[in-house]
Each structure stands twice: as C-alpha cells, then as structure tokens.
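Q:
In structure tokens form, the structure reads like this:
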C-alpha cells in the first residue's frame with residue numbers, strides 16, 4: 002500500500018497513484034493537522050499532489066534530492 006494511514010501520520014512509499022487521492026483526502030479531513038511523511042515516496046500522481054496542495058497537511062519528511070523534493074519543498078515550509 003503506497004500510503005499507510007494512522008491516527009498520528011500518513012507515510013508515503015513508492016509510487017502513489019491516482020487511486021490514493023480519495024483516501025488521502027478523507028484521512029486529511031478526519032485528521033486535521035496530522036503530518037505527512039514523504040521520505041520514501043518515489044512518485045506522486047497529480048491528484049495526490051492536488052490534495053496536499055489544497056489541504057496543506059504538515060510535511061515532516063521530504064524525499065531525497067530530485068524533482069519530487071523540489072515540488073514538495075514549498076509545501077513543507079509554508
């Protein structure tokens with residue numbers, strides 16, 4: 002499962018496809034202010050990115066250097 006949800010955080014791993022967007026949105030709405038860890042994420046579908054951009058959960062860990070880190074960096078430092 003590309004995103005693991007718990008009461009205190011969401012952890013992204015590998016490739017997060019479009020199918021993950023709805024679950025992420027539900028989780029973010031149910032857990033306002035809970036952080037997101039994207040350190041092990043390799044790719045985000047644009048729908049998942051849109052959820053992150055719209056709801057702005059705190060991003061506590063970014064992927065290693067590269068394009069995905071550059072896209073997520075502004076979301077990690079509001």
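Residue numbers (my numbering): 2 to 79. The beta-carbon is built from N, C-alpha and C at its ideal position, and this holds for glycine as well.
Among the candidates 8, 9, 17 and 7, whose CA atom is the shortest distance from the CA of residue 52?
A: Position 51 of the chain shown holds residue 52. It is 17.
Q: Which same chain residues, not among the five before or five after residue 34, have their C-beta less than 8 angstroms away from its C-beta?
A: Against the chain shown, residue 34 aligns to sequence position 33. Taken in chain order, the residues that qualify are 58 and 59.
Q: For residue 21, count neighbouring C-beta atoms within 10 Å of its own C-beta (all shown protein chains included) and say buried if the count is 16 or more, exposed if not.
A: Here residue 21 is taken as the residue at index 20 of the chain shown, counted from 1. When all chains shown are included, residue 21 counts as buried.
Q: Using alpha carbons as the reference points, say which of 30, 14, 6 and 9 lies closest to residue 56.
A: Along the chain shown, one-based indexing puts residue 56 at 55. Closest option to residue 56, Cα to Cα, is 30.
Q: Which whole-angstrom value describes the C-beta separation of residue 41 and residue 25, a residue pair presumed to lie in contact below a C-beta threshold of 8 angstroms?
A: If you number the chain shown from 1, residue 41 lands on position 40. If you number the chain shown from 1, residue 25 lands on position 24. Going by Cβ atoms, the distance from residue 41 to residue 25 rounds to 15 angstroms, so no, they are not a contact pair.
Q: What's the call for residue 5, buried or exposed, on a 16-neighbour Cβ count within 10 Å?
A: In the chain shown, counting from the first residue as 1, residue 5 sits at position 4. Per the 10 Å Cβ criterion, exposed.
Q: Return the CA-CA distance between residue 73 and residue 8, expressed in angstroms with no decimal places.
A: If you number the chain shown from 1, residue 73 lands on position 72. If you number the chain shown from 1, residue 8 lands on position 7. Cα to Cα, the separation comes out at about 22 angstroms.
Q: By DSSP's criteria, residue 45 is part of a beta bridge. Which residues make up the other side?
A: Locating residue 45 in the chain shown gives position 44, where the first residue counts as 1. In the DSSP output, where bridge partners are listed per residue, residue 45 has 17.
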